[in-house]
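The sequence shown maps to residues 101 to 205 in the numbering used here. Even for Gly, the Cβ is constructed at its ideal location relative to N, Cα and C. Please read all numbers here as calculations on a predicted model, not as lab measurements.
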Amino acid sequence: MPILIVKRLPAAGMAIFPFILLKSARLKNDQEIINHEKIHLRQQLELLVLPFYILYMLNYLINLIIYKKHDLAYRNIVFEKEAYRYETDLNYLKNGNWYGWIKTE
Numbered sequence: 101m102p103i104l105i106v107k108r109l110p111a112a113g114m115a116i117f118p119f120i121l122l123k124s125a126r127l128k129n130d131q132e133i134i135n136h137e138k139i140h141l142r143q144q145l146e147l148l149v150l151p152f153y154i155l156y157m158l159n160y161l162i163n164l165i166i167y168k169k170h171d172l173a174y175r176n177i178v179f180e181k182e183a184y185r186y187e188t189d190l191n192y193l194k195n196g197n198w199y200g201w202i203k204t205e
């Protein structure tokens with residue numbers, strides 16, 4: 101998985117298949133953010149990439165209606181819930197856990 105540095109990135113990290121984008125080179129050493137983004141890459145593969153982005157945006161827009169705040173809407177996206185829950189578990193992806201975003205509550 102290629103890592104690209106994008107200084108104007110609106111977040112610390114972002115996964116756009118097959119790349120991980122980071123706001124700064126120092127984040128290459130942050131195992132948690134890299135794991136978080138790798139989880140997103142797995143999610144994208146699970147949904148054959150394009151449907152992931154559609155579902156991600158739909159989930160965000162529905163959450164924005166429900167929570168009325170960007171941060172709450174973002175944190176409650178099912179894909180983000182899985183990535184945040186398991187970003188510290190560096191073995192999460194090695195242990196399988198396919199479609200974990202479906203089970204995340």
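Mapping the DSSP letters down to three states, classify Ile-103 as helix, strand or coil.
Position 3 of the sequence shown, counting from 1, holds the residue named residue 103. Strand, per DSSP.
Check: Going by beta carbon distance, what residues of the same chain come within less than 8 angstroms of Lys-138, once the five residues before and after it are set aside?
Finding: By 1-based counting over the sequence shown, the position of residue 138 is 38. Closer than 8 angstroms at the Cβ level, and outside the excluded window around Lys-138, lie Met-101, Ala-115, Ile-120 and Leu-193.
Handout entry: Sequence-distant residues of the same chain with beta carbon closer than 8 angstroms to Asp-189, five excluded per side
Key = Position 89 of the sequence shown holds residue 189. These residues qualify, in order along the chain: Asn-135.
Original post:
By Cβ distance, which residues of its chain are closer than 7 angstroms to Lys-128, with the 5 residues on each side in sequence left out?
Top reply: Here the question's residue 128 lines up with position 28 in the sequence shown. So the qualifying residues of the chain are Ile-103 and Leu-122.
Arg-142 classed as buried or exposed, judged by whether at least 16 other C-beta atoms fall within 10 angstroms: On the sequence shown, position 42 is the one that residue 142 refers to. Its Cβ being crowded by 16 or more others within 10 Å, Arg-142 is buried.
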